[in-house]
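These notes concern the structure reproduced below.
Chains as they are written, first to last, in this note's numbering: chain P, 8 to 284; chain U, 2 to 315.
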């Protein structure tokens with residue numbers, strides 16, 4: 008959200024009093040456009056009393072490939088760290104939602120487009136492992152252009168690492184809710200963002216595997232309007248629901264109640280009926 | 002000489018040898034032929050021993066590079082191809098089925114590119130749609146059901162970026178494969194044979210062992226894509242190819258691959274049959290090694306293998 012008293016809405020292009028937007032969960036009161044918000048703002052809005060306890064906050068990125076494009080990766084990292092006050096693009100924490108303890112991993116788009124390198128991969132994996140140990144539901148909020156090119160194939164391997172941890176969570180019957188926000192594309196979509204017991208999106212979020220520009224260049228056609236937006240995905244069966252930001256907390260509480268009854272907590276240890284005596 | 006034309010001296014020499022074949026069978030000709038063949042071996046060793054990252058990218062994409070069907074033909078017996086995802090269609094960019102490898106029934110799955118224009122289009126240049134990944138997983142589950150090892154060959158520019166692919170859940174298909182491959186209770190042996198193009202490659206890549214051919218590449222994006230995004234200049238592809246550290250020795254250093262399979266002199270395309278022997282030897286040894294692990298150990302070993310990947314501080 009830009010500085011100043013007034014903001015221009017990217018949805019309807021209207022100039023709006025900023026306070027009005029902030030009080031409306033960072034959603035345009037005129038056209039319902041969901042402004043991009045930081046990971047910490049999301050956590051404050053979703054968790055009980057806006058409180059959370061961060062962990063693994065000291066995990067920081069390195070430069071294993073000594074990568075340099077128009078600028079060295081190391082320099083880029085420093086710039087983003089200074090700009091955002093964060094070490095990398097994801098915050099891991101514990102908190103409660105409607106009294107239910109949860110593990111949360113929330114991506115920060117402001118840090119290098121929310122790109123996923125070794126740090127994001129390691130932190131999401133640790134979140135999944137913590138969720139498994141504590142049998143606490145895992146909630147991941149994605150907001151990312153995809154894998155981080157500056158860490159090469161290591162970024163790609165994070166998709167494998169996280170998905171393997173989610174496999175264990177799935178087998179153990181521990182809930183995993185994936186929330187997809189604008190934008191969620193590339194390797195993030197093609198791994199954890201699409202693997203939730205529920206995949207929930209904010210309205211009009213760009214969600215896809217390939218970016219729209221890449222598709223246009225490949226097929227040499229203009230893409231239909233609304234392509235790869237939440238509403239397009241739900242129409243094609245890829246999402247469970249689209250939830251407005253102001254209603255997200257309530258929906259999470261309802262889903263968690265369904266998924267954390269005493270019975271489902273036992274799901275991993277249920278004996279198959281054939282083996283019962 | 003331009004970086005792309007590194008094979009020209011080899012082709013020249015091959016042409017000279019070819020020209021000799023119609024010129025009689027006297028001692029002088031035979032000696033000349035032997036001499037040229039020795040020169041050719043030396044030249045191949047010299048040129049292939051000094052390939053740049055970009056040149057390796059080109060070798061990995063060589064139009065004569067052996068593909069999954071070539072490895073099947075040279076390494077396996079009694080292949081029965083299985084088609085379709087049982088949901089929507091069959092995707093010819095991925096082939097898979099049941100085969101016999103050194104006397105043992107195995108499932109084989111791999112990307113498949115085409116040789117001529119018609120087949121290239123039919124195979125969609127080895128770029129799978131969601132159906133391909135769903136078929137692949139279906140075959141893997143059959144292998145698991147009957148306790149058979151799974152062998153995969155990776156060679157794709159990437160998953161197909163198209164409207165239909167997005168509509169039918171390209172991202173979901175890849176993601177689901179990653180998670181479900183992690184659970185497989187049979188040995189999974191992965192070999193990157195050509196281009197390891199991003200998520201579209203990884204979706205067949207969650208193995209107990211991950212091998213790569215000496216001149217194959219494996220990365221998060223193609224050099225062209227990387228150049229377009231980070232440099233905003235497609236002409237920087239060669240620079241991007243180097244920067245991404247996507248060659249076999251560089252990947253081995255980061256533990257992304259377990260083993261580099263040596264290529265025959267002049268690259269796999271110079272002798273696909275000989276290359277299949279080298280790949281087969283590695284796979285046979287690894288299958289033997291993994292046969293000591295029970296179903297749960299295999300899942301654990303695979304988890305630990307990927308769990309340790311990543312470089313960070315703190």
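Quick reminder that beta carbons are idealized off the backbone N, C-alpha and C, glycines included.
Residues are counted here when their Cβ sits less than 7 angstroms from a Cβ of chain U; for the region 61 to 89 of chain P these are 65, 66, 67, 68, 69, 71, 72, 74, 75, 76 and 77, given in chain order. By the Cβ neighbour-count rule, residue 95 of chain P is buried, with 16 or more other Cβ atoms within 10 Å of its own. Secondary structure note for residue 137 of chain P: it is in no beta strand (DSSP E), and the uninterrupted alpha helix (DSSP H) holding it is 125 to 141. In terms of beta-carbon proximity, residue 215 of chain P lines the interface with chain U, with at least one pair separated by less than 8 angstroms. As summarised for the region 191 to 252 of chain P, the continuous alpha helix (DSSP H) elements at least 4 residues long and confined to that stretch are 193 to 196, 219 to 226 and 237 to 242, given in chain order. In this model, residue 6 of chain U and residue 12 of chain U are separated by some 10 angstroms (Cα to Cα). Inclusion of residue 49 of chain P and residue 148 of chain P in the CB contact set at 8 angstroms is warranted, their separation being smaller than that value. Look at the region 190 to 257 of chain U and you find these whole runs of beta strand (DSSP E), each 3 residues long or longer: 210 to 214 and 218 to 220. In this structure, the CA atom of residue 153 of chain P is about 6 angstroms from the CA atom of residue 123 of chain P. Within chain P, 164, 167, 168 and 171 have C-beta atoms less than 7 angstroms from the C-beta of residue 307 of chain U, given in sequence order. Boundaries for residue 24 of chain U: no alpha helix (DSSP H) harbours it, and the DSSP string shows neither H nor E there.
With fewer than 16 other Cβ atoms from the protein chains shown falling within 10 Å of its own Cβ, residue 35 of chain U counts as exposed. Contact check between the region 47 to 63 of chain P and the region 87 to 106 of chain P: three or more CB pairs, one atom from each, fall below 8 angstroms, which counts as touching. It is roughly 21 angstroms from the alpha-carbon of residue 70 of chain P to the alpha-carbon of residue 193 of chain P. Legend: CB atoms of the region 22 to 40 of chain P lying less than 9 angstroms from CB atoms of chain U are not found in any residue. Just so you know, the alpha carbons of residue 8 of chain U and residue 161 of chain P end up roughly 31 angstroms apart. Inclusion of residue 97 of chain P and residue 112 of chain P in the CB contact set at 8 angstroms is warranted, their separation being smaller than that value. For residue 243 of chain P, the closest Cβ of chain U is nearer than 8 angstroms.
Of the candidates U/224, U/119 and U/165, the residue whose Cα lies closest to the Cα of residue 231 of chain P is U/165. For residue 184 of chain P, the closest Cβ of chain U is not nearer than 8 angstroms.
Residue environment analysis places residue 220 of chain U among the buried positions, since at least 16 neighbouring C-beta atoms fall within 10 angstroms of its C-beta.
For residue 276 of chain U, the three-state secondary structure derived from DSSP is helix.
When DSSP states are grouped into helix, strand and coil, residue 186 of chain U belongs to the coil group. Residue 19 of chain P is positioned such that its CB atom lies no closer than 8 angstroms to that of residue 28 of chain P. Close partners of residue 199 of chain U in chain P (Cβ separation under 7 angstroms): 163. Of the residues P/52, P/12 and P/163, the one whose Cα lies closest to the Cα of residue 251 of chain P is P/52. Residue 156 of chain P and residue 119 of chain P have their alpha carbons spaced roughly 11 angstroms apart. Membership of residue 99 of chain U in the beta strand (DSSP E) is indicated by the continuous run 95 to 102. Shown here, residue 28 of chain P sits in a helix according to DSSP, grouped into three states.
Nearest CB-CB separation between residue 188 of chain P and chain U: not below the 8 angstroms threshold.
Residue 201 of chain U places its beta carbon 8 angstroms or farther from that of residue 148 of chain U.
Contact fails between the region 176 to 194 of chain P and the region 246 to 263 of chain U, because fewer than three Cβ pairs, one in each stretch, are under 8 angstroms apart. Taking a Cβ-Cβ cut-off of 7 angstroms, the neighbours of residue 159 of chain P in chain U comprise 220, 221, 245, 246 and 247, given in sequence order. Rounded to the nearest whole angstrom, the C-alpha separation of residue 174 of chain U and residue 93 of chain P is 33 angstroms. Non-local beta-carbon contacts of residue 37 of chain U in its own chain, meaning distances under 8 angstroms to residues more than five positions away in sequence, involve 14, 17, 18 and 21 in chain order. Residue 181 of chain U is bridged by DSSP to nothing; it lacks a bridge partner.
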